[in-house]
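Residue numbers (this note's numbering): 551 to 764. Scroll down for the structure; my scribbles are underneath it.
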């Protein structure tokens, strides 16, 4: 086998391991993600897993990055060709809610679970989580600002407040789905987002919202 073939195989193995690690972390958290348990789940030896991750923290960080890459691929990337402002904001938020809904039987939102674990625990994982969370909220805020500039939302809309509310709707849906087993939690989140945006939309923005649900 050539060096190139070995590198491809190694990359494929790492991706497969991280896919399983993300799924496990939704249920047991990153702290509950041990190299031994993960090795057993993917059918590898501990030594084989150590070849990819030299420590538990490296495994946690790689798992977080894999979940973030999946989020980008499934939620942000598909909207790159959508008009900025309200159309892109609406598409991304609805895809975000749907992505979390798809994971409802696998432990729910990965980032919600990790936040509960590391919000008060200093270290590299928390630092990575804080950075990603701030960047996500800033992305939402930028789209709200663009929506105001393009006449989709009223000019006096507070982008920080609206981003806070939108984020809260999704997080509440995840909580209600996981803890209360509320079947309609994610649909209620979608309704809440649309109604809040409509309340702050111009006539042009309302037309965009109407077109999106047809």
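Even for Gly, the Cβ is constructed at its ideal location relative to N, Cα and C.
Anticipated Cβ contact below 8 Å, residue i with residue j, distance rounded
i, j, result
"residue 714", "residue 739", "The pair is not a contact, with the Cβ atoms about 15 Å apart (cut-off 8 Å)."
"residue 635", "residue 693", "6 Å"
"residue 732", "residue 662", "Actually they do not touch by this definition, with Cβ atoms about 15 Å apart."
"residue 621", "residue 580", "Between residue 580 and residue 621 the Cβ distance is about 15 Å, and since that is not below 8 Å, they are no contact."
Own chain partners of residue i with C-beta closer than 8 Å, once the 5 adjacent residues on each side are dropped
i, result
"residue 658", "576, 650, 724, 727 and 728"
"residue 667", "579, 580 and 581"
"residue 585", "596, 599, 600, 603, 606 and 609"
Cβ-based burial, residue i [other Cβ within 10 Å; buried from 16]
i, result
"residue 741", "exposed"
"residue 751", "buried"
"residue 688", "exposed"
"residue 616", "buried"
"residue 691", "buried"
"residue 730", "exposed"
"residue 735", "buried"
"residue 763", "exposed"
Residues of its chain near residue i, where Cβ-Cβ distance is below 6 Å and the 5 sequence neighbours each way are ignored
i, result
"residue 629", "638, 641 and 642"
"residue 619", "none"
"residue 695", "709"
7 Å Cβ shell around residue i - same chain, five flanking residues per side excluded
i, result
"residue 705", "698"
"residue 700", "635"
C-alpha distance - residue i paired with residue j, whole-angstrom precision
i, j, result
"residue 656", "residue 570", "11 Å"
"residue 568", "residue 675", "16 Å"
"residue 611", "residue 588", "15 Å"
"residue 760", "residue 743", "13 Å"
"residue 578", "residue 669", "16 Å"
"residue 563", "residue 755", "46 Å"
"residue 684", "residue 572", "21 Å"
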